[in-house]
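Only one structure is covered here, and it is reproduced in the block below.
Laid out in structure tokens, this is it:
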């Protein structure tokens with residue numbers, strides 16, 4: 044299913060909504076945080092680097108958008124106790140959660156499986172797949188308290204079609220796709236809508252690392268696609284569930 048990249052955001056589209064975004068401090072995470080805040084949502088910006096989170100916070104506030112919440116957490120080392128604290132903190136402040144967007148991911152190492160560094164494999168799977176599993180498990184009770192909740196897993200083409208040398212990253216994204224489909228079946232009769240999204244090519248730090256010889260000026264910016272996330276969170280799109288989504292190419 045194709046999602047439009049050119050949605051025109053209204054300031055009250057998501058007024059009163061509380062949405063957690065992982066990896067919200069840079070790239071597509073920051074771009075979607077800006078647009079969600081512009082639409083009136085309170086965004087819980089989760090990331091491992093407090094300094095870059097504070098920089099991103101200032102960028103949102105300087106625009107006059109809805110003030111976000113900063114939540115530093117390193118997904119690689121996070122424990123069930125950390126996720127319990129996250130659940131408690133959100134409940135104490137908001138009593139519910141309307142959206143959970145799993146955006147944070149690392150590239151890992153690009154090399155053949157038979158040469159893959161084992162430590163890098165574990166780290167990549169921990170951040171890209173195990174972390175989203177644990178966080179989702181702990182936050183479902185809060186999502187159930189919303190009248191219209193969403194879980195969105197950011198995926199990639201490497202998680203829908205196998206590509207050589209993408210190693211743990213590709214495997215983690217295949218895992219995310221399977222996790223999203225399984226969860227959508229389990230939550231079908233609840234108020235929580237679950238989808239995966241391949242945003243397509245974007246000029247991000249991760250892509251520049253993966254394709255160092257590419258002319259990034261010819262690649263769409265994260266900001267050119269991030270309004271699609273607001274579109275997905277709109278109440279009128281609560282029928283979108285259990286889908287493998289992609290974002291239309293920007294005009």
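Numbering (our numbering), first residue to last: 44 to 294. For glycine and all other residues, C-beta sits at the position ideal for the given N, C-alpha and C.
Beta-carbon gap between residue i and residue j smaller than 8 Å
| i | j | result |
| --- | --- | --- |
| residue 157 | residue 199 | no |
| residue 211 | residue 151 | yes |
| residue 146 | residue 233 | no |
| residue 290 | residue 48 | yes |
| residue 185 | residue 130 | yes |
| residue 73 | residue 276 | no |
| residue 44 | residue 126 | no |
| residue 46 | residue 253 | no |
| residue 196 | residue 223 | yes |
Contact belief for residue i with residue j at Cβ below 8 Å, rounded distance in angstroms
| i | j | result |
| --- | --- | --- |
| residue 187 | residue 235 | 7 Å |
| residue 78 | residue 273 | 5 Å |
| residue 144 | residue 88 | With a Cβ gap of about 11 Å, residue 144 and residue 88 do not count as contacting. |
| residue 269 | residue 71 | 7 Å |
Residue i - DSSP class collapsed to helix/strand/coil
| i | result |
| --- | --- |
| residue 287 | strand |
| residue 185 | helix |
| residue 238 | strand |
| residue 203 | coil |
| residue 112 | strand |
| residue 82 | coil |
| residue 193 | strand |
| residue 167 | helix |
| residue 156 | helix |
| residue 276 | helix |
| residue 77 | helix |
| residue 178 | helix |
| residue 129 | helix |
| residue 161 | helix |
| residue 172 | helix |
| residue 122 | coil |
| residue 52 | coil |
Local Cβ density within 10 Å of residue i, reported as buried at 16 or more and exposed below that
| i | result |
| --- | --- |
| residue 214 | buried |
| residue 154 | exposed |
| residue 103 | buried |
Would you call the region 154–166 in contact with the region 98–118, where contact means no fewer than 3 C-beta pairs closer than 8 Å? no
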